[in-house]
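Number of protein chains: 2
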Amino acid sequence: MEGNGRIRLLVAYDGSAYVGWQVQPNGPSVQAAIEAAFERLTGSAGRARAASRTDAGVHALGQVVVLDEPGRHGPEVVRKGLNALLPDDIVVREAELAPPGFDPRHSACGKHYRYSFHNDRVPPLFRRGQRWHIRAPLDLESMQRACAHLQGEHDFSAFRAAGCEAKSPVRRIDRIGLVRDGSLLALDVLGRAFLKQMVRNLAGTLVDVGRGRLSPEGLRGLLLGRDRTRAGRCAPAKGLCLVRVFYEPDAYRRAVEGEAGPAGGDLFSL
Amino acid sequence: MEGNGRIRLLVAYDGSAYVGWQVQPNGPSVQAAIEAAFERLTGSAGRARAASRTDAGVHALGQVVVLDEPGRHGPEVVRKGLNALLPDDIVVREAELAPPGFDPRHSACGKHYRYSFHNDRVPPLFRRGQRWHIRAPLDLESMQRACAHLQGEHDFSAFRAAGCEAKSPVRRIDRIGLVRDGSLLALDVLGRAFLKQMVRNLAGTLVDVGRGRLSPEGLRGLLLGRDRTRAGRCAPAKGLCLVRVFYEPDAYRRAVEGEAGPAGGDLFSL
Numbered sequence: 000m001e002g003n004g005r006i007r008l009l010v011a012y013d014g015s016a017y018v019g020w021q022v023q024p025n026g027p028s029v030q031a032a033i034e035a036a037f038e039r040l041t042g043s044a045g046r047a048r049a050a051s052r053t054d055a056g057v058h059a060l061g062q063v064v065v066l067d068e069p070g071r072h073g074p075e076v077v078r079k080g081l082n083a084l085l086p087d088d089i090v091v092r093e094a095e096l097a098p099p100g101f102d103p104r105h106s107a108c109g110k111h112y113r114y115s116f117h118n119d120r121v122p123p124l125f126r127r128g129q130r131w132h133i134r135a136p137l138d139l140e141s142m143q144r145a146c147a148h149l150q151g152e153h154d155f156s157a158f159r160a161a162g163c164e165a166k167s168p169v170r171r172i173d174r175i176g177l178v179r180d181g182s183l184l185a186l187d188v189l190g191r192a193f194l195k196q197m198v199r200n201l202a203g204t205l206v207d208v209g210r211g212r213l214s215p216e217g218l219r220g221l222l223l224g225r226d227r228t229r230a231g232r233c234a235p236a237k238g239l240c241l242v243r244v245f246y247e248p249d250a251y252r253r254a255v256e257g258e259a260g261p262a263g264g265d266l267f268s269l
Numbered sequence: 000m001e002g003n004g005r006i007r008l009l010v011a012y013d014g015s016a017y018v019g020w021q022v023q024p025n026g027p028s029v030q031a032a033i034e035a036a037f038e039r040l041t042g043s044a045g046r047a048r049a050a051s052r053t054d055a056g057v058h059a060l061g062q063v064v065v066l067d068e069p070g071r072h073g074p075e076v077v078r079k080g081l082n083a084l085l086p087d088d089i090v091v092r093e094a095e096l097a098p099p100g101f102d103p104r105h106s107a108c109g110k111h112y113r114y115s116f117h118n119d120r121v122p123p124l125f126r127r128g129q130r131w132h133i134r135a136p137l138d139l140e141s142m143q144r145a146c147a148h149l150q151g152e153h154d155f156s157a158f159r160a161a162g163c164e165a166k167s168p169v170r171r172i173d174r175i176g177l178v179r180d181g182s183l184l185a186l187d188v189l190g191r192a193f194l195k196q197m198v199r200n201l202a203g204t205l206v207d208v209g210r211g212r213l214s215p216e217g218l219r220g221l222l223l224g225r226d227r228t229r230a231g232r233c234a235p236a237k238g239l240c241l242v243r244v245f246y247e248p249d250a251y252r253r254a255v256e257g258e259a260g261p262a263g264g265d266l267f268s269l
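Here it is, written out as structure tokens:
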């Protein structure tokens, strides 16, 4: 098959070894790894652009990336070739021609992030790189009630990282909830856009609720107080994963309404 | 609680970084790591003995280990203390006083090993250290028929590693079968004892069956031929895991008969 233009990739990665998606002077980035493999494959340098600039140590199951392929290789050749050239902590799951005018960031209508806890007295083993270990029992019901206060449009200044460059602290969470499956406790958050470290700051504060150190109403007070210094700690990056980026409003609406929502089981079947 | 003698541990480990269970001159072993942590905890050097000497790179969910604790620490203190001192790729799941006369190896009446394949055109990511990637579609039905030829007591010389020191090549497989769950294809093998690399040699040859390069009857011919040089390759260590060691004949019988047999889902919830 002849290539003809812009290729859209569905990319998964284990973020443990990376400074994040974006090229940085201080270490290896997922973007640089993909651009280097693409240049080796096609002979032409190209800029990879992604739906989300995931932070250092954050994982992805469904990052969406576009690359301009000037000619010779079709999507399936690009997928196989990149997987052969990339390190084994980055995997191209799918490749296709991008629709006209497609932009991975601006065309997105929603994103699904999952924060995963390992909630057990015994530490995690095979999942230790993808879960935050919380030894103490967490009260799921209190955490769910706290989540209800977070849903909807709010000023999330209390959960915004220092250095966040967004103009407005107002964001809308379309769906937020927890599922438990054995030792896994997963926090699913869906929205159009988030502030810097917002999901991890919410995860850290929800642990305080689950441990009984903060009531659900106390979390609501923190939200209304808009003071970052009063909310809980930022949860470690390794628990966070970009699960999916939505470009079809209908598919996003179904996910928000739970019809095609996150499964209770393990998303990390890769 | 006062300690009084022999402590039995249920240990899980990610074998990637180890030369195997047993202390070796050429690299770190799980045994040495546990003995070092135990000495730091109790102040007394002790020899750790295990149910199975897993090979380099092989994992365990249910290795059984005994240690002699001369006095001060009870099992729960030992469990917590070891988990605090051990590297994060070794986890003590349970600890209890060993019954009188208990020997982790000789008291065992059965073992359950699982070999895990990632059978998909897309490579594995988060499970890449615990699964062997087979890109080509595998025919589960042919593999199941081949497994039927392996069940029972046989001379397994064709699947015995060079350097195997067992006196007899005869072993009895009490249960062997495959389960599929998405991209995971798992080979479960239960028996009292196995030859060196026997499960991995079986796994490698079963892949030949699944790819159509060898018929189930052809595998039976290899078994009867007793010639190691004719059977398939040895499957990589990373796919193998010691799931459970049985000391209660009734529990083992139930596992063999499938009443408490291996789940189709993912055993690696740790």
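Protein chains in written order, with numbering that gives the first Met the number 0: chain R, 0 to 269; chain P, 0 to 269. Positions of the beta carbon are idealized from the N, C-alpha and C atoms, including for glycine.
Helix or strand or just coil, what does DSSP make of residue i?
{"i": "E68(P)", "result": "strand"}
{"i": "D158(R)", "result": "Going by the sequence as given, residue 158(R) is Phe instead of Asp. It is helical."}
{"i": "Y246(P)", "result": "coil"}
{"i": "S141(P)", "result": "helix"}
{"i": "N82(P)", "result": "helix"}
{"i": "Y251(P)", "result": "helix"}
{"i": "H148(R)", "result": "helix"}
{"i": "G263(P)", "result": "Unreliable positioning characterises G263(P) in this predicted model, as indicated by a pLDDT of 45, which lies under 50. A coordinate reading is not provided."}
{"i": "D207(P)", "result": "helix"}
{"i": "R229(P)", "result": "helix"}
{"i": "E75(P)", "result": "helix"}
{"i": "R174(P)", "result": "strand"}
{"i": "E164(R)", "result": "coil"}
{"i": "Q196(R)", "result": "coil"}
{"i": "F37(P)", "result": "helix"}
{"i": "V22(P)", "result": "coil"}
{"i": "A11(R)", "result": "strand"}
With a threshold of 8 Å between beta-carbons, can residue i be considered close to chain R, or not?
{"i": "V64(P)", "result": "no"}
{"i": "Q30(P)", "result": "no"}
{"i": "D154(P)", "result": "no"}
{"i": "V90(P)", "result": "yes"}
{"i": "D87(P)", "result": "yes"}
{"i": "I6(P)", "result": "no"}
{"i": "A135(P)", "result": "no"}
{"i": "L40(P)", "result": "no"}
{"i": "D13(P)", "result": "yes"}
{"i": "N82(P)", "result": "yes"}
{"i": "L139(P)", "result": "no"}
{"i": "A16(P)", "result": "no"}
{"i": "L269(P)", "result": "yes"}
{"i": "Q129(P)", "result": "yes"}
At the 8 Å Cβ level, is residue i part of the contact set with chain P, yes or no?
{"i": "P123(R)", "result": "yes"}
{"i": "R126(R)", "result": "yes"}
{"i": "Q21(R)", "result": "no"}
Evaluate residue i with the Cβ neighbour count: other Cβ atoms within 10 Å of its Cβ, from every protein chain shown; 16 or more gives buried, anything less gives exposed.
{"i": "K166(P)", "result": "exposed"}
{"i": "H105(R)", "result": "exposed"}
{"i": "R228(R)", "result": "According to the sequence as given, residue 228(R) is Thr; it is not Arg. It counts as exposed."}
{"i": "P69(R)", "result": "exposed"}
{"i": "D88(R)", "result": "buried"}
{"i": "L149(R)", "result": "buried"}
{"i": "S51(R)", "result": "buried"}
{"i": "L223(P)", "result": "exposed"}
{"i": "G19(R)", "result": "buried"}
{"i": "P215(R)", "result": "buried"}
{"i": "A230(R)", "result": "buried"}
{"i": "D180(R)", "result": "exposed"}
{"i": "P136(R)", "result": "exposed"}
What residues in its chain sit with their C-beta under 6 Å from that of residue i, if we drop five residues either side in the sequence?
{"i": "E95(R)", "result": "R7, P74"}
{"i": "P235(P)", "result": "W131"}
{"i": "A36(R)", "result": "L81, L84, L85"}
{"i": "C233(R)", "result": "Q196, R199, N200, G203"}
{"i": "R5(P)", "result": "V65, D67, A97"}
{"i": "P24(R)", "result": "none"}
Suppose the cutoff is 8 Å on Cβ atoms and the five residues either side in sequence are ignored; what does the same chain contact list for residue i look like?
{"i": "A47(R)", "result": "Q30, I33, E34, F37, V64, V65, L66"}
{"i": "G238(P)", "result": "Y114, S115, F116, Q129, R130, W131, R199, A202"}
{"i": "E93(P)", "result": "L8, L9, R78"}
{"i": "L40(R)", "result": "H72, V77, G80, L81, L84"}
{"i": "V188(R)", "result": "H111, Y112, R113, Y114, I172, R174, I175, V198, L201"}
Ordered along the chain, which non-local residues of its own chain (more than five positions away) have a Cβ less than 7 Å from that of residue i?
{"i": "D138(P)", "result": "G209, G211"}
Shorter than 7 Å, the distance from the beta carbon of residue i to the closest heavy atom of the ligand SAM, or not?
{"i": "R243(R)", "result": "Annotation note on the ligand SAM: not contained in the displayed structure, which lists no ligands."}
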